[in-house]
């Protein structure tokens, strides 16, 4: 560790500013600055530790990617109780998409902190996302999972993760289901009937059939609500087929 | 939450034993038993909460998989400083392979705790791994990342993750590199010379060429060590090509 610290300190041009600028991005003071220096060292610097291992941000990308995936997974798990495994996986991949990570890295101007022998203009677009991942990896090494979670919450989830938008702005599951049935040339029908039972309030039940087969049932305080509820259930039952359409 | 607890309590046949058997597997007492009951509820039980969301272990698999991936990533990051991103990703996928997870689930006899309407004999092999993932997901919800990490360390990393074995029992990088060159019909040569410089101890340097091009250099206290070091560097430089062979 000491070895790496010395190598990085001697090569890092902006030692003074780096700490201040980094603290602003992180929202806390880093404890082990060398993790962050590694996160901003490009492979063109050709740095190696005493064992000949490369010092640059590429391995930290691997770590940061893993932390992003698990923090976003736990957020989606709690926020989207109706989504099954496949659905959650798909939503997560939208959040941690290359495009999205590049956007995040750009907004924080991470590229300004990079030490590299290549002129900044020659980097491709992916460097922004790669630096963002590496930064998350460095936060994990410096402060552990909790800080990582907080940082991702502040920088990714709060400003970027709009569950409804991710779900493809699904406002009515009924219209979505009907659209799908029409496209796939399937017949469908909502069989609604009053079903108040022992309740004080009037209730309705609905049986939703597709191709003459009942695929979902629901019960609610209005016809419309019951139909929407049944459509949502059918949507999640068929989601792998339907979601190709969205 | 209370709602789910009631549904699960009324359906779980083995309430008494479940807590004891689970505590034995976990190595700690669960705080919110309903997370673990969900982790052992098969979809054939057809349980739903008040909103109509399914209660079974499938969503917890998604969460557990994410936690396993990040804990294993951070372990490998620290234990294999010479492996680059691609290499670490590959090693991780060996650890969290379907086969491996099934083995882990089987060893803990997780299937004995499942509540299902399907006879145990009719489950495929993957249920073992799925239950293991779901259990990890439940640990995360119950106690957070640290406990998850401890559990994975005790149950996966300590007994199962042998870095050298994962690396494909690479004992000599030199022999691996030579084998590859021969297979690919590439010429190679180790140009070794004494290079003690200002050191007190005798040192040797080596230039390793493949197809007449120098691909790696190294310096060490013996010819053999220098050759092995250079081979290792070349191995990691070419690892995507070479690893297809292993």
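Residue numbers (the working numbering), protein chains in the order written: chain Y, 30 to 275; chain C, 30 to 275. For each residue, glycine too, the CB sits at the ideal point set by N, CA and C.
The three-state reading of DSSP puts residue 150 (chain C) in helix, counting H, G and I together.
Of the residues C:33, C:101, C:262 and C:63, the one whose Cα lies closest to the Cα of residue 177 (chain C) is C:101. Between the beta-carbon of residue 87 (chain C) and that of residue 113 (chain Y) there is about 6 angstroms, and that keeps the pair under the 8 angstroms contact cut. Interface flag for residue 184 (chain Y) against chain C is unset, since no Cβ pair is found closer than 8 angstroms.
Judged by DSSP secondary structure, residue 196 (chain C) falls outside any beta strand (DSSP E); it is assigned neither H nor E. Beta-carbon to beta-carbon, residue 123 (chain Y) and residue 195 (chain Y) are separated by about 5 angstroms, close enough to satisfy the 8 angstroms threshold.
Contact between residue 131 (chain Y) and residue 155 (chain Y) holds, since their C-beta atoms are separated by about 6 angstroms, short of 8 angstroms. Legend: CB atoms of the region 61–91 of chain Y lying less than 9 angstroms from CB atoms of chain C belong to residues 78, 80, 81, 82, 83, 87, 88, 89, 90 and 91. Within the region 94–114 of chain Y, those residues whose Cβ lies closer than 7 angstroms to any Cβ of chain C are, in chain order, 95, 96, 98, 99, 102, 103, 106, 110, 111, 113 and 114.
Any Cβ of chain Y closer than 8 angstroms to the Cβ of residue 270 (chain C) would place that residue at the interface, and such an atom is absent. DSSP places residue 155 (chain Y) within a helical segment (H, G or I) once states are collapsed to three. For residue 202 (chain C), no chain Y residue has a Cβ inside 9 angstroms of its Cβ, as the nearest lies near 12 angstroms away.
Taking all protein chains shown into account, residue 183 (chain C) has fewer than 16 neighbouring C-beta atoms within 10 Å of its C-beta and is therefore exposed.
Short of 8 angstroms from the beta carbon of residue 117 (chain C), and not among the five residues preceding or following it, lie these beta carbons of its own chain, in chain order: 102, 105, 106 and 109. Rounded to whole angstroms, the separation of the alpha carbons of residue 66 (chain C) and residue 32 (chain C) is 13 angstroms. Between the region 163–170 of chain C and the region 80–96 of chain C there are three or more C-beta pairs closer than 8 angstroms, enough to call the two in contact. In the pairwise beta carbon analysis, the region 48–67 of chain C is classified as not touching the region 219–233 of chain Y: fewer than three pairs are separated by under 8 angstroms. Close to residue 174 (chain Y), with beta-carbon spacing below 7 angstroms, are these residues of chain C in chain order: 174.
The beta carbon of residue 76 (chain Y) lies closer than 8 angstroms to those of 36, 37, 40, 70, 83, 84 and 85 in the same chain, with the five residues before and after it left out. No residue range can be given for residue 57 (chain C), since it is assigned to no beta strand (DSSP E) and is classified by DSSP as neither H nor E. For residue 70 (chain Y), the beta-bridge partners assigned by DSSP are Y:144.
Across the structure, residue 203 (chain C) and residue 146 (chain C) are spaced so that their CA atoms are roughly 56 angstroms apart. Against residue 258 (chain Y), the close residues of chain C are 81, in the order they occur along the chain (beta-carbon pairs closer than 7 angstroms). Here residue 242 (chain Y) is bridged, per DSSP, to Y:239. Beta-bridge annotation (DSSP): residue 264 (chain C) is not paired with any residue.
The three-state secondary structure of residue 115 (chain C), taken from DSSP, is helix.
Taking 8 angstroms as the threshold, the shortest C-beta distance from residue 262 (chain Y) to chain C falls below it. Among the CB atoms of chain C, none fall inside 8 angstroms of the CB of residue 250 (chain Y). Under DSSP, residue 204 (chain Y) forms no beta bridge with any residue. Across the structure, residue 249 (chain C) and residue 125 (chain Y) are spaced so that their CA atoms are roughly 43 angstroms apart.
Rounded to the nearest angstrom, the gap between the Cα atoms of residue 188 (chain Y) and residue 136 (chain Y) is 12 angstroms.
A Cβ-Cβ separation of about 14 angstroms leaves residue 180 (chain Y) out of contact with residue 89 (chain Y) under the 8 angstroms criterion.
Counting C-beta atoms within 10 angstroms of its own C-beta, residue 169 (chain Y) has 16 or more neighbours from the protein chains shown and is therefore classed as buried. According to the DSSP assignment, residue 217 (chain C) belongs to the beta strand (DSSP E) that extends over 217–223. Contact annotation for residue 117 (chain Y) against chain C: 88, 91 and 92 [CB-CB distance below 9 angstroms, chain order].
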